[in-house]
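Structure, as structure tokens:
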Amino acid sequence: MAYISILKECCLEKDAIINCDETWCRVKVKAAYRKRYIWCLVNKSERIVTYCYEDDSRGSGVLRHILGDHAIKALQSDGYNVYMHLDNNLIDIKHVCCMAHARAKFKYALEWGGEIDTAFFHCIGELYVLEAKYEHGRPSPEQIKNCRNNLKTKEIIIRLRSKLNAWLSEGHPPRGELMEKALRYLNTFWTQLFAYTHDSPYTIDNSIAERFIRLLAGERKNSLSFGSGKMAGISDAYHTIILACKCRVSLYCNI
């Protein structure tokens with residue numbers, strides 16, 4: 095396990111930018127199977143992916159233990175409440191939220207909630223189009239940062255904020271539950287959602303961590319459960335080592 099510890103230390107190096115996600119698994123505890131959680135950390139610049147099965151939970155204590163005293167620069171995640179611990183306690187770590195989650199909530203409200211206002215969905219889509227152009231053009235880090243703060247991007251963000259304020263105003267007609275959740279998510283995490291514009295290494299969403307967490311979701315479907323917490327930890331070590339090899343010798347990860 096010494097190699098795993100070294101990988102984790104490298105992943106959480108000073109000033110690292112970490113993409114993080116978690117998923118559940120079934121673990122046998124005494125005579126019954128319980129829902130437990132495994133965390134995934136991705137250091138894109140160092141091409142390192144590590145998995146952590148800590149104290150079996152999804153609480154903020156696990157996140158504190160995983161990060162420890164590592165002086166990472168930023169952590170990108172979805173809007174799960176535990177990650178808000180970063181904003182409340184770990185003030186030296188930048189928290190970047192996933193824009194894909196915001197877009198998905200509005201898409202869900204449109205498809206299943208019967209809402210007819212597509213402005214939010216389209217505005218976020220415009221931001222993704224701009225990001226795709228930056229990636230395709232292979233600009234320098236400084237150019238990416240400048241593009242993310244140019245007039246065109248700011249106009250989209252201002253338009254999005256104005257629309258959000260209008261929907262949240264007291265005089266706006268009632269909306270469905272799904273639209274309410276989408277609006278609340280966008281409003282609550284507004285600062286974290288647009289933190290990606292502050293520096294070029296940040297990404298607009300957390301898709302890279304979600305991609306690697308899907309490996310464990312597939313394992314969950316195949317193996318169904320772990321016989322103990324120890325075996326869940328062995329699974330973490332196995333996936334960490336395999337991905338370390340693939341990331342180093344090929345473009346498998348596309349990172």
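Numbering-wise (the working numbering), the sequence shown opens with residue 95 and increments by one.
Cβ atoms here follow ideal geometry from the backbone N, Cα and C, with glycine treated the same way.
Computed from a predicted model, the values in this text were never measured in an experiment.
Distance from the Cα of Asp299 is smallest, within the candidate group Asn243, Asp172, Lys201 and Asn281, for Asp172. Within the DSSP secondary-structure output, Leu135 pairs in a beta bridge with Cys114 and Thr144. Annotation for Ser171: the continuous beta strand (DSSP E) segment containing it runs Ala168 to Ser171. Under DSSP, Cys119 forms a beta bridge with Arg130. Put simply, the backbone Cα of Lys248 is about 28 Å away from that of Asn137. Between Leu204 and the set Ala303, Asp109, Ile132 and Met273, the nearest pair of CA atoms involves Met273. By the C-beta density criterion, Trp261 is buried, having at least 16 other C-beta atoms within 10 angstroms. If you draw a straight line from the Cα of Gly155 to the Cα of Arg130, it comes to about 14 Å.
A Cβ-Cβ separation of about 14 Å leaves Ile166 out of contact with Cys146 under the 8 Å criterion. Going by C-alpha positions, Leu287 is about 43 Å away from Ala125.
Taken through DSSP and simplified to helix, strand or coil, Cys191 comes out as strand.
Between Ala196 and Ile218, the C-beta spacing is below 8 Å. Note that the C-beta distance between Lys199 and Ala276 is below 8 Å. Look at Tyr290 here: in three-state DSSP terms it is helix. Selection Val121, Ala110 and Thr144 evaluated against Ala338 yields Thr144 as nearest (Cα-Cα). When the beta-carbon positions are compared, Cys104 and Ile142 come within less than 8 Å of each other. With a threshold of 16 other beta carbon atoms within 10 Å, Lys108 falls short and is exposed.
In this structure the stretch 231-245 does not lie against the stretch 299-308, because fewer than three pairs of beta carbons, one per stretch, are closer than 8 Å.
Membership of Gly219 in the alpha helix (DSSP H) is indicated by the continuous run Ala213 to Gly231.
At a Cβ-Cβ threshold of 8 Å, Ile112 and Leu106 count as neighbours.
For Glu236, the enclosing alpha helix (DSSP H) covers residues Pro235 to Arg242.
Taking every protein chain shown into account, the CB of Asp115 has 16 or more other CB atoms within 10 angstroms, so this residue is buried.
Under the 10 Å beta carbon count, Val190 is surrounded by 16 or more other beta carbons and is classified as buried.
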